[in-house]
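Same order as they appear, the protein sequences are chains A and B. Heads up: the first sequence begins at 1 in this note's numbering, then just goes up one per residue. Heads up: the second sequence begins at 1 in this note's numbering, then just goes up one per residue. From the three backbone atoms N, C-alpha and C, an ideal C-beta is built for every residue, glycine too. Since we're looking at a predicted model, the values are computed, not measured.
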Amino acid sequence: MNVFKREMRANRKALIIWSIGLVLMIASSMGKYAGLSASGQSINDLLGQMPQSLKAVMGMGSFDLTTAMGYFGVLFIYLAMMATIHAAMLGANIISKEERDKTAEFLFLKPISRNKIITSKLLASLVNILILNLVTFVSSILMVQRYSKGEAVIGDITRLMFGMFFLQLIFLFIGTLTAAGSKHPKTAPTLAAGILLLTFMLSIGIDLNNRLENLKYFTPFKYFDAKNLIHPPGLEPAYLILSVVIIAVMVSATYIFYKNRDLNV
Amino acid sequence: MNMFLHELKAYRKSTITWTFTLVGLIILLLSMFPAISEEAETFKKLMEGFPEGIRLALGLAVENIGSILGFYSYIFLYVSLFGAIQAMILGVSILSKEVREKTADFLLTKPVTRTQIVTSKLMAAFTSLLITNVFYLGAATMMVSLVETKEYSTKIFLLLSLTLFFLQLIFLALGIIVSIAVPKIKSVLSISLGTVFAFFIIGALVSTTGDDALRYLTPFKYFDFAYIMQNSSYESSFMMVGIAFIVIAITASYLIYSKRDIHAV
Chain A
1 MNVFKREMRA NRKALIIWSI GLVLMIASSM GKYAGLSASG QSINDLLGQM
51 PQSLKAVMGM GSFDLTTAMG YFGVLFIYLA MMATIHAAML GANIISKEER
101 DKTAEFLFLK PISRNKIITS KLLASLVNIL ILNLVTFVSS ILMVQRYSKG
151 EAVIGDITRL MFGMFFLQLI FLFIGTLTAA GSKHPKTAPT LAAGILLLTF
201 MLSIGIDLNN RLENLKYFTP FKYFDAKNLI HPPGLEPAYL ILSVVIIAVM
251 VSATYIFYKN RDLNV
Chain B
1 MNMFLHELKA YRKSTITWTF TLVGLIILLL SMFPAISEEA ETFKKLMEGF
51 PEGIRLALGL AVENIGSILG FYSYIFLYVS LFGAIQAMIL GVSILSKEVR
101 EKTADFLLTK PVTRTQIVTS KLMAAFTSLL ITNVFYLGAA TMMVSLVETK
151 EYSTKIFLLL SLTLFFLQLI FLALGIIVSI AVPKIKSVLS ISLGTVFAFF
201 IIGALVSTTG DDALRYLTPF KYFDFAYIMQ NSSYESSFMM VGIAFIVIAI
251 TASYLIYSKR DIHAV
């Protein structure tokens, strides 16, 4: 319990900064929507017939930009990117920082098992990403509702944020796994960030080129694609199961690797 | 000179990794050009059935993607994102790592002035970025001449590619001033990724408004590709702001660093 509290306090400032950043981002970009919604319907007709790859290059995706929800869908990938960066960095740092800051000796001499330490740290990071997710959730609903002219948005946003939470979980545990498995504590955040950027570019590559479609299982960003979450099919069970399996594997691998780890002191 | 060589060696691996990343990225993205240029061609025909006004608004964009320089200026967004991350990480870490890795007392007790230390470190960072850019430029030039059969302006292509280097210098200066202004940096990556993505997203939002004054807010918008392609030159006002920022940031870094309290252990 003490370790948990200590970690919550240590990450409090970062969490507040990230939350403010995300809220500002949502507020400012939905503010932009007010100007955009004025343009007519016929542009939308034309956009509807534009090839997918062209729209991807221009960064529009297949959203109806004249509705508040469609506009939010374009924004979602950026929100998800911010949230996953936070999650991956949190996961990699929370495990590796003891060795980096030379506090590993102090912590591991205490009469608690390694498993207990990892559990407290994982719980603290879970609470952190959950808070960030809820902050995003509430501010999205408030902002989108302001511009949606009475359309129902809560259902769509709930699905999107649910997907974002899974993305956060996956990258949190990618972070913890790299920290538990890597030889030097310094390399863990770099490796986690590398994986994050690689999968992100892959999801953009898939948008650009249909022939890469089969690679979509390699990038979590495609499991929870905003356009699938807003329109049918919604949350696909296949991807949910895949995510749960990935998360379970990475959590257990984190425990196993860390238990047998030779700590750099 | 010793410090310069030591830093260059310390950053050898990261320079090589980033160079490969950028080269791989541009090869991947440019290899999609032939397919997309065909799709743009078909779409242009389809557009003829739509009213004149819309055709003008969207036509320009489609016309652009169909040509190699237009396509290049769209995908360059992702290249510049990666380049900015590289430069920011380099800037934030190069001075702060001595304190973080507890080597500051070793370095600062050597018979060299602090000004000399900053200079050698700056030169090393500059060289590392220069190497990356040379290889990037070579790869990009080769790829472009491979995928494009028609004539294109080499001068504009060079101007577009060189914006990567300028952008990196701006982020390098930003990283250095941040690393000196923030008292204690524990995780370089969190700060760098957070800052770069914040600017990147501001850039994405600014481009939806088309307001010129807002473009001063983010280095990603200092170079307007449409302007470069039309006039084959940079916009002088933004160029001045960029250079002024670099000069001020570097001078301030020298001044602050030479007087700063540096904790030995």
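Item checked: Contact residues within the region 178-199 of chain A, judged by C-beta distance below 8 Å to chain B -> P189, T190, A193 and L197
Notebook entry, point to check: How is B:T6 classed by DSSP in three states: helix, strand or coil?
Noted result: It is His, not Thr, that sits at residue 6 of chain B in the sequence shown. In the structure shown, B:H6 sits in a helix (DSSP, three-state: H, G or I).
Item checked: Amino acids of chain A, ordered along the chain, whose beta-carbon sits closer than 8 Å to that of B:I68 -> Those within 8 Å of B:I68 in chain A number zero; the least Cβ separation is about 13 Å.
Checklist line | CB contact check: B:A204 to chain A, cutoff 8 Å | finding: yes
Checklist line | Residues within the region 128-160 of chain A neighbouring chain B, beta-carbon criterion of under 8 Å | finding: none
Item checked: Residue from A:M89, A:A87 and A:F72 whose Cα sits closest to the Cα of A:R146 -> A:F72
Check: What whole-angstrom Cβ distance do A:F221 and A:L167 have, given they're in contact under 8 Å?
Finding: With a Cβ gap of about 7 Å, A:F221 and A:L167 count as contacting.
Note to self: My parser needs the alpha helix (DSSP H) runs of 4 or more residues fully inside the region 222-265 of chain A; what are they?
What the structure shows: 226-230 and 237-259
Notebook entry, point to check: Which residues mark the beginning and the end of the alpha helix (DSSP H) in which A:S2 is found?
Noted result: Sequence check: residue 2 of chain A is Asn here, not Ser. Unbroken alpha helix (DSSP H) run through A:N2: N2 to A10.
Next item on the list: Express the C-alpha separation of A:M25 and A:S252 in angstroms, rounding to a whole number.
Entry: 35 Å
Note to self: Run through chain B and tell me which residues come within less than 9 Å of A:M30, C-beta to C-beta.
What the structure shows: Taking the beta carbon of A:M30 as reference, no residue of chain B falls within 9 Å; the closest one sits roughly 10 Å away.
Item checked: Exposure label - A:G175; buried when at least 16 CB within 10 Å -> With a threshold of 16 other beta carbon atoms within 10 Å, A:G175 meets it and is buried.
Checklist line | Within-8 Å CB hit, B:Y234 to chain A | finding: Cβ-Cβ to chain A under 8 Å: no for B:Y234.
Note to self: Can you tell me whether B:F223 is helix, strand or coil according to DSSP?
What the structure shows: coil
Next item on the list: Identify whether B:L69 lies in helix, strand or coil by the three-state DSSP scheme.
Entry: helix
Next item on the list: Could you tell me which of B:G66, B:L25 and B:L81 sits nearest to B:E38, measuring between CA atoms?
Entry: B:G66
Margin query: For a quick check, are the C-beta atoms of B:F166 and B:G91 less than 8 Å apart?
Written below: For the pair B:F166 and B:G91, the CB atoms are not nearer than the 8 Å cut-off.
Check: Which of the residues in the region 200-224 of chain A, read from start to end, lie with their CB under 8 Å from any CB of chain B?
Finding: Those would be M201, I204, G205, L208 and N209, in chain order.
Next item on the list: Would you mind working out which of B:F4, B:L69, B:K259 and B:M3 sits nearest B:V147, comparing C-alpha positions?
Entry: B:L69
Note to self: Quick check on the DSSP output: the alpha helix (DSSP H) that includes A:S203 runs from which residue to which?
What the structure shows: Note, A:S203: alpha helix (DSSP H), T187 to L208.
Check: Thinking C-beta only, is B:F200 closer than 8 Å to B:L30?
Finding: Not a contact, by the Cβ cut-off of 8 Å.
Note to self: Does B:P111 come out as helix, strand or coil in the three-state DSSP assignment?
What the structure shows: coil
Next item on the list: Please compile the residues from chain B whose C-beta is within a distance smaller than 9 Å of the C-beta of A:G93.
Entry: The residue you asked about is not Gly; residue 93 of chain A is Asn in the sequence shown. Within chain B, the residues near A:N93 are K186, S187, L189 and S190.
Check: Does the beta carbon of B:F43 sit closer than 8 Å to a beta carbon anywhere in chain A?
Finding: yes
Check: Name the chain A residues whose beta carbon is nearer than 7 Å to that of B:L129?
Finding: What B:L129 touches in chain A: nothing, since even the nearest Cβ is about 18 Å away.
Next item on the list: Kindly indicate if chain A contains any beta-carbon less than 8 Å away from that of B:M32.
Entry: yes
Next item on the list: Pick helix, strand or coil for B:Y78, following the three-state DSSP scheme.
Entry: In the three-state reduction of the DSSP assignment, B:Y78 falls in the helix class, which pools H, G and I.
Next item on the list: Taking C-beta pairs closer than 7 Å, name the residues in chain B that A:G175 reaches, listed in chain order.
Entry: Against chain B, the beta carbon of A:G175 has no neighbour under 7 Å; the closest one sits roughly 11 Å away.
Check: Which term fits A:S113, buried or exposed, when burial requires 16 or more other beta carbons within 10 angstroms of its beta carbon?
Finding: Exposed, by the Cβ-count rule.
Margin query: I need the DSSP call for A:H86, collapsed to helix, strand or coil.
Written below: helix
Check: Among residues of its own chain, excluding the 5 on either side of B:S120, which ones have a beta-carbon nearer than 7 Å to its beta-carbon?
Finding: Closer than 7 Å at the Cβ level, and outside the excluded window around B:S120, lie M3, F4 and E7.
Check: Does any CB atom of chain B fall closer than 8 Å to the CB of A:G21?
Finding: yes
Note to self: Are the CB atoms of B:L169 and B:I256 within a distance shorter than 8 Å?
What the structure shows: no
Notebook entry, point to check: Nearest chain A C-beta to B:A213 closer than 8 Å, yes or no?
Noted result: no
Check: Touch check for the region 195-211 of chain A and the region 149-167 of chain A: three-plus C-beta pairs under 8 Å?
Finding: no
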